[in-house]
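So for the sequence shown, this note's numbering puts the first residue at 277; every next one is plus one. All C-beta atoms, glycine included, are put in the ideal place defined by N, C-alpha and C. Keep in mind the model is a prediction, meaning the values are calculated, not measured.
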Amino acid sequence: MELKQDNKHNIRLTSAEISSLWTTYVNNTMSKCVLSYFKSKVQDSEIRSVVEFALDVSQKAINDIESVFKEEKYPIPIGFTDRDVNINAPRLYSDKFFINYIDQMAKTGFFAYGMSASLSSRLDIQELFNRLIKYNIDINTKSKAVLLSKGIHLRPPSIPKPKKVDFVNKQSFLTGWFGRRKPLLAVEIADLYHNLQTNSIGKALITGFAQTAETEDARDYLKRGKEISNKHIKIFTSILTEEDIPVPRNWDEDVLDSTEAPFSDKLMMFHISLLSSSGIGNYGGAISTSTRRDLATHFSRLLTEIAQYTEDGANLQIKHGWMEQPPQSVDNNDLIKR
């Protein structure tokens, strides 16, 4: 695809642009592997069309970013290849899981691509990420249309309409641990519901990964991730249930009993690291909008747990040589020593 000429060959890529391009490239090589496997197993024609569209978008992102890196003579990341996926492995997830997975991953794309576009200085790079935002909107729209048509879209809870506009006039608005807790705000319900839903999808994904991982320490790590997700699900469920707010279904039944790996341990560990990082961002956002002290404390504590889990996963990836070096600045002190 032809890029705008006003910025090419005369303005170096910034650290923000390099980081965004590198991360987006690697993430989409992973998505290509996952979606290729989904395509080989999906049976429902409507869901297949969304899988194929999302797969095509991943390939377009890979091609566009490769073009930029080649023009800039920047090393193209390895990311993930055909060696990281076995499309002939037995089915591990249901079609319903496929479409819900795509719907959830599209949600993370809005933040990532939006931030990348806003931090880009070169107009051609901003245009690239704006295209990805448009593609992401299309994926989100198509997946949601299928979910709605099949009656499996999980809507966030509704709340009653207020009778009038009002203002907060008591400090008890901020309480949460002692005394009568105030009802959850709409934004707090939305945060709890969203994080409950992402943990449910994540738990199903990691369950399948744990069933099929070939390396013992990776398998143990994935089992631990499943336990963490289950713990967080129970906490969020108890808070919503206490307020008589309905909770979304889980996806446990959509994980099948195959033990043959469709993905490499390298890919599975990277994918869980990606989801964990997204979870840290989600919890951080929830902390910023929580007015009840108990909610902020819950999210802070659980965020710390995910951060430790993510660090342990990074150490495991380094141990096995699975972590590709992200772009970084030059260590001048190291150069001086040499």
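From the DSSP output, read off the bridge partner residues of residue i.
i: F539; result: V361
i: V531; result: Y369
Quick check on this structure: which residue in the options has the alpha carbon closest to the alpha carbon of residue i?
i: A330; options: N412, Q593, D493 and N406; result: N412
i: E529; options: I415, K479 and S321; result: K479
i: N406; options: V361, S296, L481 and I354; result: S296
i: H547; options: A590, F512 and D570; result: A590
i: A462; options: I435, V302, I415 and L579; result: I435
i: K542; options: E518, K510, S605 and D493; result: D493
i: I465; options: T565, S553 and L551; result: T565
i: F309; options: W298, T290, D467 and D332; result: It is worth fixing the name first, because residue 309 is Cys in this sequence and not Phe. Residue D332 is the option with its Cα nearest to C309.
i: L481; options: L516, E519, F539 and R288; result: F539
i: L468; options: V441, P438 and K510; result: K510
i: L472; options: S321, K458, W298 and W527; result: W527
i: G385; options: F443, T299, D358 and Y350; result: T299
i: Y585; options: S549, K437 and R324; result: S549
i: I287; options: Y369, S576 and L399; result: L399
i: R577; options: H470, A421, P433 and F512; result: F512
i: P603; options: N303, Y350, N304 and T305; result: Y350
i: N304; options: T357, I477 and E322; result: T357
i: R359; options: M544, E587 and F443; result: M544
i: P433; options: Q601, T517, K410 and E587; result: T517
Leaving out five residues before and five after residue i in sequence, what residues of the same chain have Cβ atoms less than 7 Å from its Cβ?
i: E419; result: Per the sequence presented here, residue 419 reads as Ser, with Glu not at that position. If we look at S419 and ignore the five residues flanking it on each side, its Cβ neighbours are V326, I375, I378, D379 and A382.
i: M671; result: Missing from the structure shown is residue 671; the chain here goes from 277 to 614 and no further.
i: F314; result: V327 and F374
i: K507; result: none
i: L460; result: E519
i: A486; result: R495, L498, K499 and K502
i: S312; result: L331, V361 and I363
i: L579; result: I556, Y559 and G560
i: S605; result: none
i: I515; result: L468
i: G484; result: L368, Y369 and V531
i: S476; result: I509, P524, N526 and W527
i: K437; result: none
i: Q601; result: none
i: K439; result: none
For residue i and residue j, which I take to be in contact (beta-carbon distance under 8 Å), what is that distance rounded to the nearest angstrom?
i: A292; j: L395; result: 4 Å
i: H596; j: T491; result: 7 Å
i: E348; j: L289; result: 6 Å
i: S307; j: S334; result: 4 Å
i: K458; j: R568; result: 7 Å
I'd like the list of long-range same chain contacts for residue i, defined as Cβ closer than 8 Å, with 5 residues on each side in sequence excluded.
i: Q319; result: D371
i: I582; result: I504, S552, G555, I556 and Y559
i: Y301; result: A337, I338, I341, E342, F345, I352, P353 and G355
i: E322; result: V422, S425 and K426
i: I294; result: Y350 and P603
i: A489; result: R495, L498, A537, D541 and M544
Among the residues of its own chain, which have a CB less than 6 Å from the CB of residue i, if the five just before and after it don't count?
i: A572; result: I563 and S566
i: Q402; result: A393 and S396
i: E404; result: Contrary to the premise, residue 404 reads as Leu rather than Glu in this sequence. Within the same chain, L404 has close Cβ partners D340.
i: N416; result: A382
i: L279; result: Its pLDDT being 49, under 50, L279 is placed unreliably in this model, and the coordinates cannot settle the point.
Q. So, do the stretch 557-574 and the stretch 520-535 have three or more beta carbon pairs nearer to each other than 8 Å?
A. no
**Q.** the stretch 340-351 contacting the stretch 496-513, beta-carbon criterion three pairs below 8 Å
**A.** no
Q | Touching by the beta-carbon criterion (3+ pairs, under 8 Å), the stretch 421-436 and the stretch 529-536 | A | no
(Q) Under 8 Å: do the stretch 387-394 and the stretch 349-366 share three or more Cβ pairs, one atom per stretch? (A) no
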